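Peer 1: Here it is: the structure, laid out below.
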Amino acid sequence: MKTSKIKSLVKSASIIAVSIIFILAALEITLRLFLPQNLNYTMFDGNYMFKHVPGLEFRYFWKEFDNIVKFNSKGLRDYEYDYGKKSDAYRILILGDSLPAALQVSLNETFPKILEQKLRADGKR
């Protein structure tokens with residue numbers, strides 16, 4: 619009697635597991651067809667582990683946001699700048715995770731750009 623209960627339980631659990639896998643696969647296919655997103659915006663780099671793909675431009679969206687994201691030739695989310703600079707100019711590099719990257723907002727709404735605007739308003743270059 620115990621073995622029949624165990625077999626029944628295993629059968630029920632298997633049916634539930636297969637059903638969940640099928641539902642998740644169907645959901646994945648549906649999302650890829652109707653809400654495609656390019657989420658391959660990073661690449662492996664031996665020095666830094668991962669970095670943004672240089673020169674990449676893609677649409678990043680969800681319910682709350684819809685934004686075009688661009689990375690410059692150095693893989694940074696910023697405008698194109700030369701490495702050389704004037705002697706009276708300051709450069710600040712802000713590195714971090716998804717917070718400073720702020721893919722959900724336009725470039726000028728990110729906190730590095732807001733900081734740059736405030737510093738320039740104070741006469742800094």
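Those letters in the sequence shown? Residues 619 to 743, per the numbering used here, in order. Every residue gets a Cβ at the ideal spot worked out from N, C-alpha and C, and that includes glycine. Just so we're clear, the structure is a prediction, and the values are computed from it rather than from any experiment.
(1) Report the residue ranges of all beta strand (DSSP E) runs contained in full by the region 680-740; include only those spanning at least 3 residues, in chain order.
(2) Below 6 Å CB to CB, which residues in the same chain sit around Asn690 once its five sequence neighbours on both sides are set aside?
(3) Looking at C-alpha atoms only, which residue of Phe676, Gly693, Asp684, Ser705 is the closest neighbour of Leu713?
(4) Using only the alpha-carbon positions, how far apart do Pro672 and Ala719 sit?
(5) For the region 619-668, list the alpha helix (DSSP H) runs that are entirely contained and at least 4 residues long, ordered along the chain.
(6) Just confirm the distance between the C-beta atoms of Tyr659 and Leu649, as a whole number of angstroms; I'd bet it's less than 8 Å.
(7) Mark Thr621 as exposed unless 16 or more other C-beta atoms lie within 10 angstroms of its C-beta, in which case mark it buried.
(8) Skipping 5 residues on each side, what residues in its chain have a beta carbon closer than 8 Å to that of Phe668?
(9) Taking the Cβ atom as the reference point for each residue, do Asn685 and Leu651 lie within a distance shorter than 9 Å?
(10) Express the C-alpha separation of Leu711 and Glu682 in angstroms, rounding to a whole number.
(11) Counting C-beta neighbours from all protein chains within 10 Å, is the total for Val687 16 or more, i.e. buried, or is it exposed?
Peer 2: According to the data block:
(1) Taken in chain order, the complete beta strand (DSSP E) segments of 3 or more residues contained in the region 680-740 are 684-688.
(2) Reading the sequence shown from its first residue, position 72 is the one you call residue 690. Closer than 6 Å at Cβ, skipping near neighbours: Asp696, Glu698.
(3) As a first step, residue 713 must be located in the sequence shown, where it is residue number 95. Closest by C-alpha distance to Leu713, out of Phe676, Gly693, Asp684, Ser705, is Gly693.
(4) Along the sequence shown, read from residue 1 onward, the residue named residue 672 stands at position 54. Along the sequence shown, read from residue 1 onward, the residue named residue 719 stands at position 101. A direct Cα-to-Cα measurement between Pro672 and Ala719 gives close to 14 Å.
(5) Complete alpha helix (DSSP H) runs here, min 4: 620-652.
(6) Along the sequence shown, one-based indexing puts residue 659 at 41. Along the sequence shown, one-based indexing puts residue 649 at 31. About 18 Å separates the two Cβ atoms, so there is no contact after all.
(7) The sequence position of residue 621 within the sequence shown is 3, counting from 1. Exposed is the call here.
(8) Within the sequence shown, numbered from 1, the residue matching residue 668 stands at position 50. Answer for Phe668: Thr660, Met661, Phe662, listed in chain order.
(9) On the sequence shown, residue 685 is found 67 positions in, with the first residue counted as 1. On the sequence shown, residue 651 is found 33 positions in, with the first residue counted as 1. Result no, Cβ atoms of Asn685 and Leu651 do not sit closer than 9 Å.
(10) Locating residue 682 in the sequence shown gives position 64, where the first residue counts as 1. Locating residue 711 in the sequence shown gives position 93, where the first residue counts as 1. Each residue's alpha carbon lies about 28 Å from the other.
(11) On the sequence shown, residue 687 is found 69 positions in, with the first residue counted as 1. Sixteen is the threshold: when 16 or more other Cβ atoms of the shown chains lie within 10 Å of the Cβ of Val687, as they do, the residue is buried.
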